[in-house]
Amino acid sequence: MRARVRVAAVAVTLATALTGLTGLTGCVTVHGATAVVPAITEAEAERVLARYAEVANEAHATYDPDLVGQVSEGALGAIEQASLTAHRAVAPEGDADHTPFTFTDPRFHIPRQAAWPKFFLADTGVRAGDTESHWLLMFTRDAVDEDWRAAYRATLAPEDVPRFTEDADGYARALRRGEAEELLLDPGELGEAYTDFLQDGEGDAFAEGDATTGRRETRAKSAGKATERHQWSDTPADPERYPAMGLATEDGGAAVFFTVHQHTRKTMAEGYTPQVPRLMEPLLEGEARQSLTTAYVYQQLVSVPSRAAAEDDGERIVFVDQASGLVSAEGE
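Using the working numbering, the first residue of the sequence shown is number 4, and each one after it goes up by one.
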C-alpha cells in the first residue's frame with residue numbers, strides 16, 4: 004500500500020462517506036495500542052475526507068457549531084466552533100451565499116504508528132466556485148471506536164507543500180512529542196519555545212518573519228497608544244487536548260503542526276470605550292466599558308530543521324502557515 008495516492012475529485016454521498024468509519028477492520032483495530040501499524044488504509048482515508056467535505060459544508064451553510072464538531076477537533080475545531088457560534092447568533096437563518104467546496108486530486112500521507120492518538124495527513128486541492136486553493140488537513144483520533152476528525156488545517160500553494168519521507172512500503176514517518184531527538188526542537192517543545200519568544204524575545208530557534216520578529220514589532224508599535232493600552236499573554240496549549248503532530252521530510256527535518264493560545268487585553272483611557280465587533284458580541288461575557296480581553300487559538304505549520312542543519316548551516320524553524328480564531332472575550 005502506498006501512503007501517497009491520487010484519487011479523483013471527491014464526489015461521494017454522505018451515506019457512502021459514513022460507511023466504515025467507526026468499525027475499521029484489520030490490525031489497526033485489534034493491535035493499534037501496542038503494535039506499529041498503519042494509522043488508516045487509503046480507502047478509509049478517502050471516506051474520511053469525503054465525510055469531512057459533506058459535514059463541514061453543511062455546518063458552514065447552516066452555521067451549526069455542533070455539526071462541525073463531528074468532523075473537527077483540537078485547534079481547528081475550537082476555531083471553527085467559535086466562529087459558527089458567533090455567525091449563528093448574528094444570522095440564525097444560516098449563510099444563503101455559502102459556496103460548497105470540493106476536494107480535487109487528494110493525496111494521503113499515512114504513517115505507521117503505535118499507541119494513540121493516531122493521525123494521517125490529507126494533501127489536497129480545494130475548489131469553491133471559481134476559487135481554488137490547497138489544504139493540508141491533519142486528521143486524528145484517540146481510539147479505535149472514535150471517528151476521525153481534522154485537528155489542523157494549513158492553506159498553502161501546492162509548490163510549498165513539504166516533501167515528506169516515505170519508507171520502502173510508501174509509509175510516512177510520524178513525529179509526536181518526545182519522538183524527534185534529531186530535530187532542532189522536539190514537536191512537544193515548539194509551543195513553549197514560540198510563546199517564550201513572543202513574550203521576551205529570547206531564543207534563536209525561529210527564523211525572522213511575520214509570525215516571530217514581525218509579531219513582536221507590531222506589538223511594540225501598538226502597546227502604548229494615547230487612548231488605549233495593549234497587553235499580551237502567550238501560552239503553549241495543553242499537549243493532551245492539542246497535541247503537536249508532524250511528519251518527517253526528505254531534507255532530514257519535519258513539518259509539524261502545533262497550537263498556542265493568545266490573550267490580548269485592551270484598556271481604554273478615561274472617557275473611551277472599547278469597540279466590540281458585531282461577530283465578537285456573541286462570544287463576549289460581561290460589558291466592555293473600559294477594558295476588553297480576547298482569547299485566540301493559533302494553529303500553525305512549521306518547517307523544523309534537523310539539529311545538524313541548524314548547527315552546520317544555520318537553518319531555523321520557519322512558519323509555513325499560521326491561522327487564528329477568536330474563541331472568547333470578556334469585558335469589564
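Cβ coordinates follow ideal geometry from the N, Cα and C atoms, glycine included.
Since this is a predicted model, take the numbers as computed values, not measurements.
Please state if the CB of residue j and the CB of residue i are separated by a distance shorter than 9 Å.
{"i": "Gln-84", "j": "Gly-97", "result": "no"}
{"i": "Ala-247", "j": "Val-259", "result": "yes"}
{"i": "Ala-298", "j": "Pro-277", "result": "no"}
{"i": "Arg-152", "j": "Trp-119", "result": "no"}
{"i": "Gln-303", "j": "Thr-262", "result": "yes"}
{"i": "Arg-54", "j": "Val-74", "result": "yes"}
{"i": "Gly-328", "j": "Ala-81", "result": "yes"}
{"i": "Phe-106", "j": "Ala-42", "result": "no"}
{"i": "Arg-130", "j": "Pro-285", "result": "no"}
{"i": "Glu-288", "j": "Ala-332", "result": "yes"}
{"i": "Thr-270", "j": "Ser-236", "result": "no"}
{"i": "Gly-334", "j": "Val-300", "result": "no"}
When you compare only the Cα positions, how much space is there between residue i and residue j?
{"i": "Glu-184", "j": "Arg-110", "result": "28 Å"}
{"i": "Thr-230", "j": "Arg-222", "result": "16 Å"}
{"i": "Gly-317", "j": "Leu-87", "result": "42 Å"}
{"i": "Leu-70", "j": "Trp-138", "result": "21 Å"}
{"i": "Gln-202", "j": "Gln-265", "result": "11 Å"}
{"i": "Leu-187", "j": "Asp-67", "result": "41 Å"}
{"i": "Thr-44", "j": "His-112", "result": "10 Å"}
{"i": "Glu-47", "j": "Ala-272", "result": "57 Å"}
{"i": "Glu-220", "j": "Asp-207", "result": "16 Å"}
{"i": "Asp-172", "j": "Val-39", "result": "14 Å"}
{"i": "Glu-192", "j": "Arg-176", "result": "19 Å"}
{"i": "Gly-29", "j": "Leu-178", "result": "Confidence at Gly-29 is low in this model, with a pLDDT of 34, below 50, so the placement of that residue should be treated as unreliable; the coordinate-derived value is given next. Using only the alpha carbons, I get a separation of about 23 Å."}
{"i": "Asp-1", "j": "Pro-190", "result": "In this structure the chain extends from 4 to 335, so residue 1 is not present and cannot be described."}
{"i": "Thr-216", "j": "Ala-78", "result": "23 Å"}
Using 8 Å for Cβ pairs, my map puts residue i next to residue j. What's the rounded Cβ distance?
{"i": "Phe-142", "j": "Ala-125", "result": "7 Å"}
{"i": "Glu-114", "j": "Leu-250", "result": "For the sequence presented, residue 114 should be read as Pro rather than Glu. With 8 Å as the limit, Pro-114 and Leu-250 qualify as a contact, their Cβ atoms being about 7 Å apart."}
{"i": "Ala-312", "j": "Gly-256", "result": "7 Å"}
{"i": "Pro-364", "j": "Arg-180", "result": "Limits of the chain in this structure are 4 at one end and 335 at the other, which puts residue 364 out of reach."}
{"i": "Ile-320", "j": "Phe-200", "result": "Contact doesn't hold; Cβ gap of about 10 Å is too wide."}
{"i": "Leu-282", "j": "Val-164", "result": "Their Cβ separation, rounded to whole angstroms, is 32 Å, which puts Leu-282 and Val-164 out of contact at 8 Å."}
{"i": "Thr-168", "j": "Thr-252", "result": "6 Å"}
{"i": "Ala-117", "j": "Thr-37", "result": "6 Å"}
Out of the options, point me to the one whose CA is closest to residue i's CA.
{"i": "Glu-76", "options": "Ser-327, Tyr-155, Ser-236", "result": "Tyr-155"}
{"i": "Thr-158", "options": "Asn-60, Glu-314, Phe-322, Ala-272", "result": "Phe-322"}
{"i": "Glu-162", "options": "Glu-211, Glu-149, Ser-136", "result": "Ser-136"}
{"i": "Asp-100", "options": "Ser-331, Ala-89, Asn-60, Ala-177", "result": "Asn-60"}
{"i": "Ala-56", "options": "Arg-244, Thr-37, Ala-89, Thr-102", "result": "Thr-102"}
Which residues share a DSSP beta bridge with residue i?
{"i": "Met-271", "result": "Glu-231"}
{"i": "His-137", "result": "Gly-128"}
{"i": "Phe-200", "result": "In the DSSP output, where bridge partners are listed per residue, Phe-200 has none listed."}
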